[in-house]
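The numbering of the sequence shown is our numbering, which starts it at 32 and goes up by one.
Accompanying notes for the structure given below.
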Amino acid sequence: MTATFEGWLRRFSTRQWAVVLALLLAVFVGRELLTIDDTVPDFVATLTGVEMVADGAGADLYDLDLQAEYQADIDSRMTDFGALLPFVNPAFYLVPFLPLAGAGPDVARGIVIVITAAFTVWWAVFAHRRLPPTGLALAVFVPAALLFQPLLENTFQPQNGVFSLWFLTLGYVSLADGRDRTAGLWLGLLVFKPQLALPFLLLILVKRRWGAVQGAMVSGIAAALVSIGLTGFSGARDYVELILGDELDAPNRGVAVEAMQNWRAFFRVAVGDGTAATALTVLVSLLLVGLLVVVWRGDWDVRHPRFSLQWASTVAVALSISPHLHRHDLTVLLLTMVLLLGARNTYDWPSGALAAAGIAAGYVLAIGADNATDRLSIVIMPSYMTTLAVVAAWMLRASQHHSRAPVDGDVASYRDDS
Numbered sequence: 032m033t034a035t036f037e038g039w040l041r042r043f044s045t046r047q048w049a050v051v052l053a054l055l056l057a058v059f060v061g062r063e064l065l066t067i068d069d070t071v072p073d074f075v076a077t078l079t080g081v082e083m084v085a086d087g088a089g090a091d092l093y094d095l096d097l098q099a100e101y102q103a104d105i106d107s108r109m110t111d112f113g114a115l116l117p118f119v120n121p122a123f124y125l126v127p128f129l130p131l132a133g134a135g136p137d138v139a140r141g142i143v144i145v146i147t148a149a150f151t152v153w154w155a156v157f158a159h160r161r162l163p164p165t166g167l168a169l170a171v172f173v174p175a176a177l178l179f180q181p182l183l184e185n186t187f188q189p190q191n192g193v194f195s196l197w198f199l200t201l202g203y204v205s206l207a208d209g210r211d212r213t214a215g216l217w218l219g220l221l222v223f224k225p226q227l228a229l230p231f232l233l234l235i236l237v238k239r240r241w242g243a244v245q246g247a248m249v250s251g252i253a254a255a256l257v258s259i260g261l262t263g264f265s266g267a268r269d270y271v272e273l274i275l276g277d278e279l280d281a282p283n284r285g286v287a288v289e290a291m292q293n294w295r296a297f298f299r300v301a302v303g304d305g306t307a308a309t310a311l312t313v314l315v316s317l318l319l320v321g322l323l324v325v326v327w328r329g330d331w332d333v334r335h336p337r338f339s340l341q342w343a344s345t346v347a348v349a350l351s352i353s354p355h356l357h358r359h360d361l362t363v364l365l366l367t368m369v370l371l372l373g374a375r376n377t378y379d380w381p382s383g384a385l386a387a388a389g390i391a392a393g394y395v396l397a398i399g400a401d402n403a404t405d406r407l408s409i410v411i412m413p414s415y416m417t418t419l420a421v422v423a424a425w426m427l428r429a430s431q432h433h434s435r436a437p438v439d440g441d442v443a444s445y446r447d448d449s
């Protein structure tokens, strides 16, 4: 019966999967649009930046007091909310949203919800073509992905996790195809999340992927020039001072460390705000960086299926040690999950089943955590991300002793452009 079911699944074309995904996600989008005026969206932070730039106040974009005034004017619900939802991304991130200036919070949010949902379906179809789990794994992954709480939160707030997911996916596929400069361009654009971009930029630098480094420099410089064009040099300086300073830790600034999903939040909740929490965070971060050193030891070989496991582990570690990580940022974990499921089909050994089971359990835990307490989520998610990184490293080690040759559809189709 299982074989029959898997055969039925394999007959689904990419277009048919796109239709199924679109219909499933449309149900959630429709429900959210019907209740769009009932909640204060996190998207108001981005809309605040849009309105300030449109009004010619770009030089003061990172003045949090002025942001609070704009938010009160943009959305009256912010008065009852009682806290600022600060815009803390580089100014170039605002460019695709500038046409929404003056549209109003609910209209702007509705438009972006639909666009974000479309990007989500597009990513799932792309992943199905280039990074495909098969058979029962696919049957489990597709509905689970749409129920993954960070993805739903990212889509309906809406937030920027889908952009991070796309840039890291395109960076991986471009590297796997031997197109290092293109990969660098994508990874360079990830600087709108500098704390997430840094591990990958260091990776291509340490591994001497000079084409990727050149691409990252091009997109990074372009992003910096656009940001300076929107805010001026003084605004760019204010941005650096804001993200490196402690102003965002002040009460009612909407960036509570205790509500994040990383090891920093875990130890802050566990032992309080002090030296012990900082020391434990640094210790665990160093251990995880050490894990990546082991994972990437040896020659760079994107043609070997182990590259997908190396990338999967790096994504999980980068998220768990990121100093600023909210639940919607966990959308990027979908890349780690699909790469692990794809690797499960490449290596003929039973621990792949354990990896698939762990991924499924992680969905349940994440959903349950959201419906319980933030404290439970803070305990679960960094532990789960670290488990994914360790599982990927374990699969990588086992593959060196027991593997079969990759077949078409296991991982990305590799091409050497050198």
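Glycine included, every Cβ here is placed at the ideal spot set by N, Cα and C.
Quick one: what does DSSP say residue i is sitting in, helix, strand or coil?
i: aspartate 277; result: coil
i: asparagine 185; result: helix
i: leucine 216; result: helix
i: alanine 429; result: helix
i: methionine 416; result: helix
i: tryptophan 331; result: coil
i: alanine 132; result: coil
i: histidine 359; result: helix
i: alanine 90; result: helix
i: valine 119; result: coil
i: methionine 291; result: coil
i: phenylalanine 179; result: coil
i: glycine 305; result: coil
i: arginine 210; result: coil
i: arginine 268; result: helix
Leaving aside the five residues before and after residue i along the sequence, list all residues of the same chain whose C-beta is less than 6 Å from its C-beta, in chain order.
i: leucine 273; result: Tyr93
i: aspartate 211; result: Arg240, Gly242, Ala243
i: leucine 216; result: Gly246, Ser250
i: aspartate 69; result: Below a pLDDT of 50, predicted positions are generally treated as unreliable, and aspartate 69, at 48, falls in that range; no measurement from the model is reported.
i: leucine 206; result: Ala214, Val333
i: tyrosine 270; result: Tyr93
i: phenylalanine 123; result: Ala254, Val257, Ser258
i: leucine 97; result: Asp91
i: threonine 417; result: Ser351
Could you pull out every residue in the same chain whose Cβ sits closer than 7 Å to the Cβ of residue i, ignoring the five residues on either side in sequence?
i: threonine 312; result: Trp294, Arg295, Phe298
i: alanine 76; result: Leu116, Pro117, Phe118
i: isoleucine 105; result: Val75, Leu78, Thr79, Glu82, Pro136
i: glycine 399; result: Since pLDDT at glycine 399 reaches only 49, below the 50 mark, its modelled position is unreliable, and the value read off the structure follows with that caveat. For glycine 399, where only same-chain residues beyond five positions count, there are no Cβ hits under 7 Å.
Would you kindly work out how many angstroms separate the C-alpha atoms of residue i and residue j, rounded to a whole number?
i: proline 336; j: alanine 374; result: 7 Å
i: valine 422; j: leucine 340; result: 9 Å
i: alanine 85; j: alanine 132; result: 7 Å
i: glycine 242; j: proline 225; result: 20 Å
i: leucine 227; j: leucine 350; result: 7 Å
i: alanine 290; j: isoleucine 259; result: 31 Å
i: tryptophan 197; j: alanine 255; result: 20 Å
i: isoleucine 352; j: valine 315; result: 8 Å
i: alanine 214; j: glycine 303; result: 40 Å
i: aspartate 360; j: aspartate 330; result: 31 Å
i: glycine 305; j: glycine 219; result: 34 Å
i: arginine 334; j: tryptophan 153; result: 25 Å
i: valine 249; j: valine 145; result: 31 Å
i: proline 121; j: arginine 328; result: 33 Å
i: valine 324; j: lysine 238; result: 11 Å
i: methionine 426; j: phenylalanine 194; result: 28 Å
i: threonine 147; j: threonine 186; result: 6 Å
i: arginine 358; j: leucine 279; result: 18 Å
i: phenylalanine 128; j: glycine 192; result: 15 Å
i: glutamate 100; j: leucine 275; result: 23 Å
i: tryptophan 342; j: tyrosine 203; result: 7 Å
i: valine 346; j: phenylalanine 231; result: 9 Å
i: glutamine 292; j: histidine 355; result: 8 Å
For residue i, report the span of its alpha helix (DSSP H) as first-last.
i: arginine 299; result: 294-302
i: tryptophan 327; result: Neither: tryptophan 327 is in no alpha helix (DSSP H) and is coded neither H nor E.
i: histidine 159; result: 136-161
i: methionine 83; result: 75-85
i: threonine 345; result: 337-352
i: phenylalanine 13; result: Since the first and last residues shown for the chain are 32 and 449, residue 13 lies out of range.
i: phenylalanine 231; result: 225-237
i: tyrosine 101; result: 95-105
Between residue i and the rest of its own chain, which residues show a CB-CB distance below 8 Å, the 5 nearest in sequence each way excluded?
i: phenylalanine 157; result: Thr200
i: glycine 263; result: Gly89, Ala90
i: proline 181; result: Gly192, Arg358, His359, Asp360, Leu361, Thr362, Leu364, Ala397
Using a threshold of 6 Å, is the CB atom of residue i nearer than that to any non-hydrogen atom of the ligand GTP?
i: alanine 253; result: In the structure shown, the ligand GTP is absent, as is every other ligand, since no ligand is present at all.
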